[in-house]
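Below is one structure; the comments refer to it alone.
Number of protein chains: 2
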Amino acid sequence: MIVALAGGVGGAKLASGLAAVLPPDELLIVVNTGDDFEHFGLHISPDLDTVMYTLAGRANSELGWGLAGETWHCMEALEQVGAETWFRLGDRDLGTHLARTHRLRRGESLSAVTSALCRSYGVAARIAPMSDGDVRTFVHTREGELAFQDYFVRRRCEPQVTAIEYRDAERAAPAGAFARALDSADLEAVIICPSNPLLSIGPMLALPGIRDRLASLRVPRIAVSPIIRGEAVKGPAAKILRELGKEASPMSVAQIYGNAINAMLVDDDDAQQIGQLGEMGIVATHAPTLMKSAADRERVARTVLQFAQSLRERRVTV
Amino acid sequence: MIVALAGGVGGAKLASGLAAVLPPDELLIVVNTGDDFEHFGLHISPDLDTVMYTLAGRANSELGWGLAGETWHCMEALEQVGAETWFRLGDRDLGTHLARTHRLRRGESLSAVTSALCRSYGVAARIAPMSDGDVRTFVHTREGELAFQDYFVRRRCEPQVTAIEYRDAERAAPAGAFARALDSADLEAVIICPSNPLLSIGPMLALPGIRDRLASLRVPRIAVSPIIRGEAVKGPAAKILRELGKEASPMSVAQIYGNAINAMLVDDDDAQQIGQLGEMGIVATHAPTLMKSAADRERVARTVLQFAQSLRERRVTV
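Respectively, the protein sequence lines represent chains A and B. Here the first sequence is numbered in my numbering, starting from 1 and rising by one per residue. Here the second sequence is numbered in my numbering, starting from 1001 and rising by one per residue.
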């Protein structure tokens, strides 16, 4: 069984590649919920939705979030009445937010709601939130502390970051499916998808016991670098790394993950970093990792699964 | 100053006629909130919305509720995920529900939120909820007790009614604007619009002190009959009256209102009831009251205002 940790768009792409090449019962996709927030009383889970919509083949590829073929009539009405419109709520997307919020208020866990929504959207792969508790990512910037969506959407990642905080992470238990998968004798590898290491993966590593549990696993834990040639494919990862005094490189990503990983897949263009990664004790390899098409996603998924397989065969991870 | 009490579609029509012929500061439209309910965590005020949309010229005349040019993409998404879809939430209408809910949760009163929404929709007339408290109409039927929307929308008014209950009405204070208007020295008349007497007007009359206050007023209190030739123009008023053992007639409506009214405008087709109404002490007159066009609404509005004026001149209400 493979556990894949994923955040937003990049993570969803590799997760969908893995879902395309693995049987549903051999994959668990664990998704960041540090971006979750309440807006107009609705519980919004941006990363869970991105992963679900991507796996359902319903993601809006032009926008990079939300549903394909979306309409914006509710937003027009909110504009009409002078309500906040910085966070765009698509009419179809609202159905997900309303249904999720309603079920959560009825007492269902976010894990249960996620499973139900995924079934409704015809997603066979198992998707779990990282936790059923509330973890809220806050971005400390030179302009003060910002809740994640304030930083990411309202301020468009412009303020200079000084620190990232995963508020209440120490009190949030990993979701049952996540914890069980890491403890499972069937676990063959953990794959950290090419998501923002600080904003998307950081919240998961901040959950109680997760870093230690990953570090103690005797299976490959492979990070796919979200940084290619000094830049993030999408999003503010490179900008934030530089603002925090780090270089935007696979090396920096590996340092953030520390001993939670023992292997890394970097892009061909970063092949020269493999030696340095080796000095850190990380087995690295390179391949084309840019995912533009569905075929790309499956190819990268197969590459990382083969890498995991070769690591297991050589027992380099023991 | 004129106070008009209104519920759904029929009430909204006369209210819009009154708004068309009176200056904004000479009219207060008080709207039923006994139909209000929570759905998907949203505070929905069907009658306030019907009146607001009608006065804004934005009402969906085909449906008889909601906004013109509405789309239903959120509902399609709710259907996709197997959520409840018996109450239709239009995409544009959702903007109103989200904005209202958000402002209520922030601590604003329903009166304040209503005023703000009306300004946004370009409605000059003053519209107030009957109360800022929660009154919830329950319909007791041969199939058990049903919350109003369960009876009205989900069960399409099919179950046979045995009683109507205005739950918590005794604890809900009339909204400030409503109470002040009834106490105002400038009050010239109260007009009860042709709304369902039991479902739309009944909740207002059940508020503490309202019946007595109306009965003690020395101004015309005129009900416009919602029943024409034994039938309601729209909705279940006639059916409910018969189920409760009353005939569907202006007489029955007058009996329900009791001494809250002292005058009545009935349709030409019910002119023969005027004598009986007189025996009850009610001054009645007749005119064409069916409102199909905007011109009809203004004509009925002028008719009822002239009726009020003539009653004041003759001091028949003192």
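For each residue, glycine too, the CB sits at the ideal point set by N, CA and C.
Residues of the region 1092 to 1105 of chain B with a Cβ closer than 8 angstroms to any Cβ of chain A, in chain order: Arg-1092, Asp-1093, Leu-1094, Gly-1095, Thr-1096, Leu-1098, Ala-1099, Thr-1101, His-1102 and Arg-1105. CA-CA distance, Arg-1106 of chain B to Ala-1116 of chain B, rounds to 14 angstroms.
Pairing Ala-1169 of chain B with Glu-76 of chain A, the inter-Cα distance amounts to about 36 angstroms.
DSSP lists A:Thr-141 as the bridge partner or partners of Gly-144 of chain A.
For the pair Thr-114 of chain A and Ile-1240 of chain B, the Cα-to-Cα distance works out to about 44 angstroms. Interface flag for Gly-1107 of chain B against chain A is unset, since no Cβ pair is found closer than 8 angstroms.
Within 10 angstroms of the beta-carbon of Ala-1232 of chain B lie 16 or more other beta-carbons, which makes it buried. The beta carbons of His-102 of chain A and Ile-44 of chain A sit no closer together than 8 angstroms. According to the DSSP assignment, Pro-1129 of chain B belongs to the beta strand (DSSP E) that extends over 1126 to 1129. Assigned with DSSP and collapsed to three states, Val-1135 of chain B falls in coil, not helix or strand. For Thr-1054 of chain B, the uninterrupted alpha helix (DSSP H) segment begins and ends at 1046 to 1055. Under the 8 angstroms Cβ criterion, the region 1137 to 1153 of chain B does not count as touching the region 1174 to 1182 of chain B, having fewer than three qualifying pairs.
For Pro-220 of chain A, the secondary structure class from DSSP, reduced to helix, strand or coil, is coil. For Asp-267 of chain A, the beta-bridge partners assigned by DSSP are A:Ala-287. Within chain B, the residues whose beta carbon sits less than 7 angstroms from that of Leu-117 of chain A are Val-1081, listed in sequence order. Taking the Cα of Val-1253 of chain B as reference, the smallest distance to any Cα among B:Gly-1235, B:Val-1224, B:Asp-1269 and B:Met-1291 is reached at B:Val-1224. Between the region 122 to 134 of chain A and the region 17 to 29 of chain A, the count of C-beta pairs closer than 8 angstroms reaches three or more; the two stretches touch.
Secondary structure at Val-1253 of chain B: helix, using DSSP grouped into helix, strand and coil.
Within chain B, the residues placing a beta-carbon under 8 angstroms from that of Ser-120 of chain A are Gln-1080, Val-1081 and Gly-1082, ordered along the chain. Around the beta-carbon of Ser-216 of chain A, fewer than 16 other beta-carbon atoms lie within 10 Å, marking it exposed. Val-1081 of chain B has its alpha-carbon roughly 41 angstroms from the corresponding atom of Gln-255 of chain A. Here the region 130 to 144 of chain A makes no contact with the region 54 to 63 of chain A; the two share fewer than three CB pairs at distances below 8 angstroms. A distance below 8 angstroms between beta-carbons, with the five flanking residues on each side excluded, links Gln-276 of chain A to the following residues of its chain, in chain order: Met-251.
Among the CB atoms of chain A, none fall inside 8 angstroms of the CB of Glu-1247 of chain B. By the criterion of a C-beta distance shorter than 8 angstroms, Ile-282 of chain A is surrounded in its chain by Ala-254, Ile-261, Asn-262, Ala-263 and Met-264, once the five residues flanking it on both sides are discounted. For Ala-4 of chain A, the enclosing beta strand (DSSP E) starts and ends at 2 to 6.
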